[in-house]
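Each protein sequence line maps, in turn, to chains G and U. Under my numbering, the first residue of the first sequence carries the number 507, and numbering increases by one thereafter. Under my numbering, the first residue of the second sequence carries the number 433, and numbering increases by one thereafter. Glycine is no exception: its CB is placed at the ideal position from the N, C-alpha and C atoms. Bear in mind that the values here come from a model prediction, so they are computed numbers and not experimental data.
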Amino acid sequence: MSAPAPGSAPPLLEVMDVARDYRLARRSMLERSRKLRVLHGVSLKLAAGASLGLIGESGAGKSTLARLVLALEKPDLGAIRFDGHDLAALSRRRRLDVRRRMQMVFQDPYGSLDPRLSVARSIAEPLVSLAAHLGPDERRGSVAAGLAAVGLSPGDGARYPHQFSGGERQRIAIARALITDPDLLVADEPVSALDVSVRGQILNLLMDLRARRPISYLLISHDLTVIRHVTDRVAVIYLGRIVEEGPTRQVLARPAHPYTAALVTAVPKPDPAFRRRPAGIAPEPASPYFARHCPYAARCANARERCRSEMPPLAGIAPGRGVACFYPLG
Amino acid sequence: MAVPLLEVSGLSIAAGPAYAPVSLVDDVSLRVAVGESLGIVGESGCGKTVTALAVMGLLPDGVRAVGSVRLDGEEILNAGDEALSALRGRRMAMVFQEPARALNPLRSIAEQIAEGPRIHLGLGRRAAHERARELLENVGLPATRFPPGLYPHELSGGQRQRVLIAIALACGPDLLIADEPTTALDVTTQARILDLIVNAAHDEGAALVMISHDLGVIAEMTDRMIVMYAGAIAERGRTADVFRHMAHPYTRGLFEALPAADALAGGRLRTIPGKVAAPSSALRIGCPFAPRCRRATPRCRASLPPPVAVTPGHEAMCFYPGPQ
């Protein structure tokens, strides 16, 4: 493992040219097993204390990328480094340390908590394996502090998940994720299952936590308003490839990739005077394959000959902004 | 005014045992005219779906409705199964939220679409399948790529939702109720489904009831809207009027809870304190929103606010309606 050059801190998280294949079920015994490539040469960097959003349609590979980052799966090609350490080559001790430093919040606050465990036990659970040296008193102290940090009362620890609303359960899940004092929080659609009036409470909580202590977020959402609100940078992923990345507000205000533009214009606005452009009944994306040309060409209104014969690389168009398109929007 | 296509008056719905009924919907009235679209907005448990189910005659066992639901002047609330079966599919149809559960996994999509025309329109097998092909084409599933013999599991969520829309439209209903039809879908798919519903309702001259928690969808899709909270109507009016002069604190709270496109990133979102009221058997006194309301006074907790006119045709059930 090479030490970082002095003076330039390595990013907290570095995804380097990662590909991931899933094996498909065979349709007959005679058939050769087939593979589906769900991520193609994905590279990302996340600085300490920064927050990065991932947007794209279902099936684009967002959640697969999250699972790779959390070392729940291994990439087939490429590497992922966390604080300079390759996740695929960690010693046992280092692996525990890395697990402690990255945590996750899931979409479904109903399915992500064990109904048979009290809230305090659920919150304390990561400590059992990741901070086994803590005594019961220290553990209790951490749980109480965790409950307070997410706006729940100390007495809530003795209650069970079914006694809480969706928003409160998501607070519990966040408290559990923060109990090990992680440097990276991966949140997969953290508010999409919640009612509108409590979404704001959870988003504000995520912002407050970041203001209080240095923590990086990798936030996955198909809700562009959430991404715009919480993240500094965004990567747009289409059929397993990053097609655009850059500062969130720039990318969403002036998308350069036609796909990003389609995502942005598809969102209905809460303004009866606004008229969204009709989307047309374009076909849904075909399943991913080893494309030799732009994967979006089939759905793209601007596609030309070159798009159907060559693969556009992710190229810089401004400082910190990249787009994988031969004919980016102005 | 002509007889509205759908007229719901004094509809109250309750579940649970008769000695301790849990109120789900409390005295809801609404009307929808031919060619018109009505939006119903609200959060989980506000009674919007159960209101639609009562109109369709699809309330689960043990859930009771009183009041009146008239379709074209004819009373249909608690009408017998036979009468309702004759109406459902032919005169009124509903698109449900979860396309995965609303389709029969054991029958091909064409069979499921053809069922309505065969039963209600008396079409023969061949004619009904021809109609199914045509409907699939109209909802963007052309037979060249989506053979009618496909089964639901072979389709994506968005494709299944289109099949449901094709089923709902198969007999040219007068009333189409769409209950969160795009909640489970990606934004690009959502945009296509919304376009499809609007065009289909327009082409068939159907009235549309659009149920959603998404103010963007309501703003885009509807002429008039109703905001529901805890089983009761909080505000109603022309959609343009309600968005221009949100008068009920709950409507305003819902709107302000959305991160605005031009808001400073990282700024704080306004939130509605507390949590959504759960249905209960407790006797309701006062405004259901009072426990979460910044404007609430003792008066709000003591008596139910009457409808107050904001502009003609736009009213809010609030003692202190207004922008602040």
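Pick from the options that is closest to residue i, judged by C-alpha positions
i                 : options                                   : result
Val702 of chain G : U:Thr621, U:His645 and U:Leu538           : U:His645
Gly604 of chain U : U:Leu443, U:Tyr583 and U:Ala546           : U:Ala546
Met653 of chain U : G:Val524, G:Val770 and G:Pro784           : G:Pro784
Gly836 of chain G : G:Leu711, G:Ala759 and G:Ala772           : G:Ala759
Lys707 of chain U : U:Phe675, U:Ala662, U:Ala486 and U:Arg550 : U:Ala662
Asp738 of chain G : G:Leu542, G:Pro516, G:Arg543 and G:Lys551 : G:Lys551
Thr481 of chain U : U:Val527, U:Ser441, U:Val454 and U:Glu543 : U:Val527
Val487 of chain U : U:Leu607, U:Ala734, U:Gly477 and U:Ala633 : U:Leu607
Leu602 of chain G : G:Thr731, G:Arg719 and G:Thr686           : G:Thr686
Leu538 of chain U : U:Leu567, U:Leu553 and U:Glu586           : U:Glu586
Arg646 of chain G : G:Leu636, G:Pro660, G:Val656 and G:Ser635 : G:Pro660
Leu596 of chain U : U:Asp611, U:Leu535 and U:Ala714           : U:Leu535
Ile650 of chain U : U:Gly637, U:Ile629 and U:Asp635           : U:Ile629
Pro778 of chain G : U:Ala710, U:Glu688, U:Glu566 and U:Phe675 : U:Phe675
Val473 of chain U : U:Arg716, U:Leu516, U:Phe687 and U:Ser540 : U:Phe687
Ala515 of chain U : U:Val740, U:Gly489, U:Glu530 and U:Cys725 : U:Gly489
For residue i, the three-state DSSP class (helix, strand or coil)
i                 : result
Phe588 of chain G : strand
Thr729 of chain U : coil
His746 of chain U : strand
Pro512 of chain G : Reliability fails at Pro512 of chain G, whose pLDDT of 46 lies under 50, so the model's placement of it is uncertain and the value that follows must be treated cautiously. Pro512 of chain G: coil per DSSP, three-state reduction.
Leu619 of chain G : coil
Lys568 of chain G : helix
Met507 of chain G : Caution applies to Met507 of chain G, whose pLDDT of 40 falls short of 50 and renders its modelled position unreliable; the model cannot decide the point.
Met653 of chain U : helix
Glu644 of chain G : helix
Ala779 of chain G : coil
His735 of chain G : helix
His799 of chain G : coil
His645 of chain U : coil
Glu507 of chain U : strand
His668 of chain G : helix
Leu438 of chain U : strand
Pro819 of chain G : coil
Test item: CB-CB of residue i and residue j under 8 Å
i                 : j                 : result
Gly752 of chain G : Leu545 of chain G : no
Ala623 of chain U : Leu438 of chain U : no
His680 of chain U : Pro753 of chain U : yes
Gly479 of chain U : Val495 of chain U : no
Ala604 of chain G : Leu519 of chain G : With the sequence shown as reference, residue 604 of chain G is identified as Val, and Ala is not the correct amino acid for it. Contact flag unset, no.
Ala626 of chain G : Ala664 of chain G : yes
Ile726 of chain G : Ala693 of chain G : yes
Ile721 of chain G : Leu715 of chain G : yes
Ser569 of chain G : Tyr723 of chain G : no
Arg843 of chain G : Ser628 of chain G : Nothing about residue 843 of chain G can be read from this structure; chain G reaches only from 507 to 836.
Ala484 of chain U : Gly548 of chain U : no
Val829 of chain G : Glu750 of chain G : yes
Leu443 of chain U : Gly499 of chain U : yes
Ile561 of chain G : Leu769 of chain G : yes
His677 of chain U : Thr614 of chain U : no
Ala748 of chain U : Ala666 of chain U : yes
Residue(s) in a DSSP beta bridge with residue i
i                 : result
Ile529 of chain G : Correcting the residue identity first, residue 529 of chain G is Arg in this sequence and not Ile. Arg529 of chain G is bridged to G:Lys541.
Arg827 of chain G : G:Ala824
Val460 of chain U : U:Leu443
Ser469 of chain U : U:Leu640
Leu691 of chain G : G:Gln609 and G:Tyr723
Tyr833 of chain G : Paired residues: none, contrary to the question.
Leu519 of chain G : G:Leu552 and G:Phe588
Val742 of chain G : G:Ile561 and G:Glu750
Pro739 of chain U : U:Met749
Ser455 of chain U : U:Ala446
Residue range of the alpha helix (DSSP H) that includes residue i
i                 : result
Ser703 of chain G : Val702 to Arg718
Arg558 of chain U : Arg557 to Asn570
Ala600 of chain U : Gly589 to Leu601
Ile629 of chain G : Val625 to Leu636
Glu514 of chain U : Asp513 to Leu519
Ile609 of chain U : Careful: Ile609 of chain U lies outside any alpha helix (DSSP H), inside the beta strand (DSSP E) at Leu607 to Asp611.
Leu485 of chain U : Lys480 to Met488
Thr683 of chain U : Pro681 to Glu688
Pro705 of chain U : Pro705 of chain U -> no alpha helix (DSSP H), and no H or E assigned at all.
Leu769 of chain G : Pro764 to Ala772
Start-to-end residues for the beta strand (DSSP E) that takes in residue i
i                 : result
Gly499 of chain U : Arg496 to Leu503
Arg550 of chain U : Premise fails: Arg550 of chain U lies in the alpha helix (DSSP H), Ile541 to His552, not in any beta strand (DSSP E).
Arg670 of chain U : Ala664 to Arg670
Val527 of chain U : Met524 to Val527
Contact with chain C by residue i, beta-carbon distance below 8 Å
i                 : result
Pro776 of chain G : Absent here is chain C; the protein component of the structure consists of chains G and U.
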